[in-house]
Amino acid sequence: MKRFLRHTMFCLVPATLAALVLGVPPAAAQLTLQSVGLSCSDGTALNLAVSPTEVIDLSGAVLAVNSLPAGTPPLTCSLSQDPSGSGNPHYDYAVGGGQVQKGLCTTNFALSAHVEDTDATSPPTSGGTFNLTEQQACLSPSCAPFCCFCGGGHLVAKPDCLHVEGDVAQLNATVTHSDGSFSSLFPVGSEIYVEAEDNPDMIGWNGDTGLPTEPCNACPATMPLLHGNVSVHDADCPGCAGTPCTPTTTTTTTTTTTTSTTTTTTSTTTTTTCPGCFGPCRTNADCTCIPASIGGLGVCISNMCACT
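And the structure:
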């Protein structure tokens, strides 16, 4: 498997796990496709025909979804062995779960999306889910939520389209639930854009920037997984390497010219650090210090970046 969970509870070798659950030989010597059933709590029910190597990868992805809960209620999935020849080899899919680091906060994700094989750039999905759960992190449990630098929260979104090329999947989804730290960034009814990469396993998401002309062509910055596994399958080209997108950065330059007087102004940007702060804030306006009497430490809160 391309990447497996780096966590003590996931010490089972993936090939052995697949062999125990699905009866797939660990050596994966067979060249024929294996018929497996993928079922998830969001209503996903697929009969797949994939290679033995892909069965191992998919089993790791399912284990990650179940072991690192994301969403409310959390997405859960399972694999079963289907009768030989019963699976459909013509599905594109992206399945996975894991945990990433965003600033000071850790976020769990769970992904299940699939579509009949197509080369269209924005094909509608046959269903699925993309969930997020940010872990709450505070200076002390006794002063929560006032001294929390990661507020915690849940997001549930339903994919509208899925585009798979090689081992890279892009999708957009409509948010059906958001709370906590996600409620202002992704209100219910808004769109979230996701890119998942297999080998190396990565995930990224962002909100509607207004830039993409087709919803599945959005390009969020991807992040490596702290723990977890992502399995992406392109029915046209199983095992092929895809090309991850590169997010664009827009730079705006403003030039002012005067004919009578030339004035040179030198400005200095200083940063402010609160007592006990985890990092500098850009201006005083960005920084709010919670008194040291609350929780024993001061904390610097920035509306923009949490002083990372």
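Numbering (my numbering), first residue to last: 381 to 688. Quick reminder that beta carbons are idealized off the backbone N, C-alpha and C, glycines included. Please read all numbers here as calculations on a predicted model, not as lab measurements.
*Option nearest residue 608 by Cα separation, candidates 505, 445 and 424*: Just measuring C-alpha positions, the residue of 505, 445 and 424 sitting nearest residue 608 is 445.
*Answer with yes or no whether the minimum CB distance from residue 490 to chain D is below 8 Å.*
Chain labels in this structure do not include chain D; a single protein chain is all it has.
*Please look up how many angstroms separate the CB atoms of residue 485 and residue 527, rounded, as I've assumed it's under 8 Å.*
That pair is no contact at about 14 Å.
*asked:* Just to confirm before moving on: does the CB-CB distance between residue 567 and residue 600 stay below 8 Å?
replied: no
*Since residue 567 is in the alpha helix (DSSP H), which residue starts that stretch and which ends it?*
Per DSSP, residue 567 belongs to no alpha helix (DSSP H) and is neither H nor E.
*asked:* Tell me which residue opens and which closes the beta strand (DSSP E) that residue 587 is part of.
replied: 582-587 is the extent of the beta strand (DSSP E) around residue 587.
*Note down the Cα distance separating residue 434 from residue 427, rounded to an integer number of angstroms.*
14 Å
*With a 10 Å radius around its C-beta and 16 neighbouring C-beta atoms as the bar for buried, classify residue 450 as buried or exposed.*
Classification of residue 450: buried, given that the 10 Å Cβ count is 16 or more.
*What number of angstroms, rounded off, separates the C-alpha of residue 408 from the C-alpha of residue 619?*
At residue 408 the pLDDT is 41, less than 50, meaning the model places this residue with poor confidence; the figure from the coordinates comes in the next sentence. Each residue's Cα considered, the two are about 15 Å apart.
_C-alpha distance - residue 475 paired with residue 523, whole-angstrom precision_ = 38 Å
*Rounded straight-line distance, which links the Cα of residue 477 to that of residue 431*: 21 Å
*Express the C-alpha separation of residue 536 and residue 571 in angstroms, rounding to a whole number.*
11 Å
*Would you list the residues sitting across from residue 516 in a DSSP beta bridge?*
According to DSSP, residue 516 bridges with nothing at all.
*Just mark residue 556 as buried or exposed, buried being the case when its beta carbon has 16 or more other beta carbons within 10 Å.*
So residue 556 ends up on the exposed side.
*With DSSP as the reference, label residue 459 as helix, strand or coil.*
strand
*Taking the alpha-carbon positions, what's the residue 602 to residue 583 distance?*
Using only the alpha carbons, I get a separation of about 5 Å.
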